[in-house]
Amino acid sequence: MSSTESGYADVNDATIYYEIAGEGDPLVLVHGFTLDTRMWDDQFTEFSKRHRVIRYDVRGFGRSSVPEEGKTYSHAKDLKELLDHLSIGKGSVIGLSMGGSIAINLTLEYPDYVSSLVTVDSVLDGFRWSSDFFEWFTSLFSIARQLGVESANEAFMNGALFEPAMRNPSVAGRLRELIGSYSGWRFLNDDPQESLDPSPNTRLREIECPTLVVVGEYDIPTFQGIAERINVEVPNSSKVVIPRVGHMSNMEDPDRFNREVLSFLESTR
1 MSSTESGYAD
11 VNDATIYYEI
21 AGEGDPLVLV
31 HGFTLDTRMW
41 DDQFTEFSKR
51 HRVIRYDVRG
61 FGRSSVPEEG
71 KTYSHAKDLK
81 ELLDHLSIGK
91 GSVIGLSMGG
101 SIAINLTLEY
111 PDYVSSLVTV
121 DSVLDGFRWS
131 SDFFEWFTSL
141 FSIARQLGVE
151 SANEAFMNGA
161 LFEPAMRNPS
171 VAGRLRELIG
181 SYSGWRFLND
191 DPQESLDPSP
201 NTRLREIECP
211 TLVVVGEYDI
221 PTFQGIAERI
231 NVEVPNSSKV
241 VIPRVGHMSN
251 MEDPDRFNRE
261 VLSFLESTR
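Okay, here's the thing in structure tokens:
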């Protein structure tokens, strides 16, 4: 097992926590909403056998700093400047859920930084969510402000999004630890994050790098729809459905997930 380097980078008016392991072509892992670097534990060591792997806590999550009130920022620019800080050139980027949208936005705004893209059960900025999912998600903000962050985190992890994952006792325990430790900053504050205009949903054909679209068989319809749209619109893309898993495919079936991703990365070399 390769040694792990960890640290904090002051970039784009934020302090970003990161970890690096392995040697080879760079590979960046971007986590989902309420989560942090630990969601990639089943990938970090395995992928570092072939790649220089970077995982980090997105601004507002984990050990990274929270956004400043009223001061706009971009997650994609944070990542671009983190890569500059670490003297990492072009690499592959993998993002799950919210992390998928960050990876897509990085690819659109800074294409010279991305050699290949993997979206996993991804969010897509500008894609219309189902009314049921939108209403449930926005209710979490009211729960946090009325009943507290702990109640909102509990409602989030017990919603339909994580239902397949929570049926697996080992995954459920890890998710409870991850989501349960979320500070709730986004639930309690207006997020001054910049939005791309035009939206990424209308710009997918601009993505030229090889792209793998991963989605769990049992993920909810909104994310199935996003996966299909990315696959249809991105010219050089392929899609893999991981059987019998939901939104957290990398945690629910890490062996299958790792095989699919590593095979794709090998094919793009």
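In UniProt numbering, the protein residues as written are 1 to 269.
Each residue gets a CB set at the ideal place from its N, CA and C atoms; glycine is no exception.
All figures in this text were calculated on a predicted structure; none of them were measured in a lab.
Identify the continuous alpha helix (DSSP H) that holds residue i and give its terminal residues.
{"i": "Gly173", "result": "169–180"}
{"i": "Asp13", "result": "Premise fails: Asp13 is in no alpha helix (DSSP H) and is neither H nor E."}
{"i": "Thr45", "result": "41–47"}
{"i": "Asp255", "result": "254–267"}
{"i": "Leu188", "result": "185–188"}
{"i": "Glu208", "result": "That residue, Glu208, is in no alpha helix (DSSP H); it is neither H nor E in DSSP."}
{"i": "Ala160", "result": "Looking at the DSSP string, Ala160 is not in any alpha helix (DSSP H), and its letter there is neither H nor E."}
So, helix, strand or coil for residue i, using DSSP?
{"i": "Leu124", "result": "coil"}
{"i": "Ser130", "result": "coil"}
{"i": "Val232", "result": "helix"}
{"i": "Tyr113", "result": "helix"}
{"i": "Arg38", "result": "helix"}
{"i": "Ser151", "result": "helix"}
{"i": "Tyr26", "result": "According to the sequence shown, residue 26 is Pro rather than Tyr. Strand at Pro26."}
{"i": "Leu196", "result": "coil"}
{"i": "Ile20", "result": "strand"}
{"i": "Gly246", "result": "coil"}
{"i": "Ser3", "result": "coil"}
{"i": "Gly216", "result": "strand"}
{"i": "Met251", "result": "helix"}
In whole angstroms, what is the alpha-carbon distance linking residue i and residue j?
{"i": "Glu252", "j": "Glu135", "result": "26 Å"}
{"i": "Leu140", "j": "Thr34", "result": "12 Å"}
{"i": "Ser238", "j": "Thr211", "result": "7 Å"}
{"i": "Ala144", "j": "Glu68", "result": "20 Å"}
{"i": "Val93", "j": "Ala76", "result": "11 Å"}
{"i": "Met1", "j": "Asp13", "result": "Because the pLDDT at Met1 is just 48, under 50, the model does not fix this residue reliably, and the value given afterwards should be weighed accordingly. One C-alpha to the other measures close to 34 Å."}
{"i": "Ser142", "j": "Ser151", "result": "10 Å"}
{"i": "Gln43", "j": "Arg174", "result": "15 Å"}
{"i": "Thr268", "j": "Leu262", "result": "10 Å"}
{"i": "Val245", "j": "Thr4", "result": "30 Å"}
{"i": "Glu46", "j": "Arg167", "result": "25 Å"}
{"i": "Asp125", "j": "Tyr218", "result": "22 Å"}
{"i": "Ser183", "j": "Asp36", "result": "11 Å"}
{"i": "Asp84", "j": "Glu260", "result": "29 Å"}
{"i": "Arg59", "j": "Val66", "result": "6 Å"}
{"i": "Phe133", "j": "Asn153", "result": "16 Å"}
{"i": "Ile20", "j": "Arg50", "result": "13 Å"}
{"i": "Leu178", "j": "Arg186", "result": "15 Å"}
{"i": "Ser48", "j": "Gln146", "result": "43 Å"}
{"i": "Val53", "j": "Gly62", "result": "18 Å"}
{"i": "Glu233", "j": "Ala227", "result": "10 Å"}
{"i": "Asp255", "j": "Pro200", "result": "31 Å"}
{"i": "Val114", "j": "Gly89", "result": "9 Å"}
{"i": "Asn250", "j": "Gly95", "result": "11 Å"}
{"i": "Arg38", "j": "Arg55", "result": "9 Å"}
{"i": "residue 270", "j": "Lys80", "result": "Absent from the model: residue 270. The displayed extent of the chain is 1 to 269, so no value can be given."}
{"i": "Ser87", "j": "Ser131", "result": "43 Å"}
{"i": "Ile242", "j": "Gly32", "result": "18 Å"}
{"i": "Val240", "j": "Thr138", "result": "29 Å"}
{"i": "Phe156", "j": "Arg176", "result": "10 Å"}
{"i": "Asn258", "j": "Ala172", "result": "20 Å"}
Span of the beta strand (DSSP E) holding residue i?
{"i": "Lys239", "result": "237–242"}
Does the count of Cβ pairs from the region 159–171 and the region 187–197 closer than 8 Å reach three? Cβ pair count under 8 Å is below three, so no.
Can you confirm whether the region 104–119 touches the region 207–218 when touching is taken to mean that 3 or more C-beta pairs between the two stretches lie within less than 8 Å? Cβ pair count under 8 Å is three or more, so yes.
Runs of beta strand (DSSP E) wholly within the region 41–107 (minimum 3 residues, chain order): Unbroken beta strand (DSSP E) stretches of 3 residues or longer found wholly inside the region 41–107: 51–56, 91–96, given in chain order.
Kindly confirm or deny that the region 112–122 and the region 96–103 touch, where touching means at least three C-beta pairs closer than 8 Å. Using a C-beta cut-off of 8 Å, the region 112–122 makes contact with the region 96–103, since at least three inter-stretch Cβ pairs fall below that distance.
If you pair each beta-carbon of the region 70–85 with each one of the region 215–224, do three or more pairs fall below 8 Å? Output reads no: the region 215–224 does not touch the region 70–85.
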